[in-house]
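One structure below.
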Amino acid sequence: MQGFNSETEESIAIDERDVRALTECPSVLADVGRTKDADDLYVVVSESGKEYLVDAREGACECADAEYRDPVGGCKHVRRVAFATGARDVPAWIDTDAIDTHLGE
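In the working numbering, the protein residues as written are 5 to 109.
Shown next, in the form of structure tokens:
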């Protein structure tokens, strides 16, 4: 996903995991199941129905991407939690029409 910073007139690229975190439709659930009464733990349910436990405090997830590649900034599930909870702001230059309408609900 590309953006354009009108102040600097520069094209800006966004990391592919950020794009997926913003545009795919996983559900972020707190205080349910394994996260019941646990601060900073979330269950992320993917579009395919798979569930992943995310520790927002540690930036950890139990998905294969996090386990085997350990990307800087976290996997898409960690990033989705950060965007959904407001811990991380969506860049102002992002095309909001491309963002999942359920983000932050």
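Glycine included, C-beta positions come from ideal geometry on N, C-alpha and C.
Could you tell me the boundaries of the alpha helix (DSSP H) in which ASP22 lies? Here the question's residue 22 lines up with position 18 in the sequence shown. Segment 20-27, the alpha helix (DSSP H) holding ASP22.
Which residues DSSP lists as bridging SER110, in chain order: Nothing in the structure corresponds to residue 110, since the chain is present only between 5 and 109.
With distances taken from CA atoms, which of ALA68, ARG24, ALA86 is nearest GLU51? As a position in the sequence shown, residue 51 is number 47, starting the count at 1. For GLU51, the nearest C-alpha among the options comes from ARG24.
What residues match up with ASP59 in a beta bridge as DSSP calls it? For this step, residue 59 is matched to residue 55 along the sequence shown. Beta-bridge pairing links ASP59 to LEU45, ALA64.
What residue does the alpha helix (DSSP H) around LYS80 start on, and which one ends it? For this step, residue 80 is matched to residue 76 along the sequence shown. Looking at the DSSP string, the run of the alpha helix (DSSP H) that includes LYS80 is 80-89.
Is TYR72 buried or exposed, if buried means 16 or more other CB atoms sit within 10 Å of its CB? Numbered from 1 along the sequence shown, position 68 holds the residue referred to as residue 72. Exposed.
With DSSP as the reference, label ALA17 as helix, strand or coil. Position 13 of the sequence shown, counted from the first residue, corresponds to residue 17. DSSP places ALA17 in strand when its eight states are reduced to three.
So is ASP99 buried or exposed if we call it buried at 16+ other beta carbons inside 10 Å? Position 95 of the sequence shown holds residue 99. Exposed, because fewer than 16 other Cβ atoms sit within 10 Å of the Cβ of ASP99.
Which residue's Cα is closest to the Cα of GLY3: VAL58, VAL82, HIS106? Beyond the ends of the chain as shown, which are 5 and 109, falls residue 3; an answer cannot be given.
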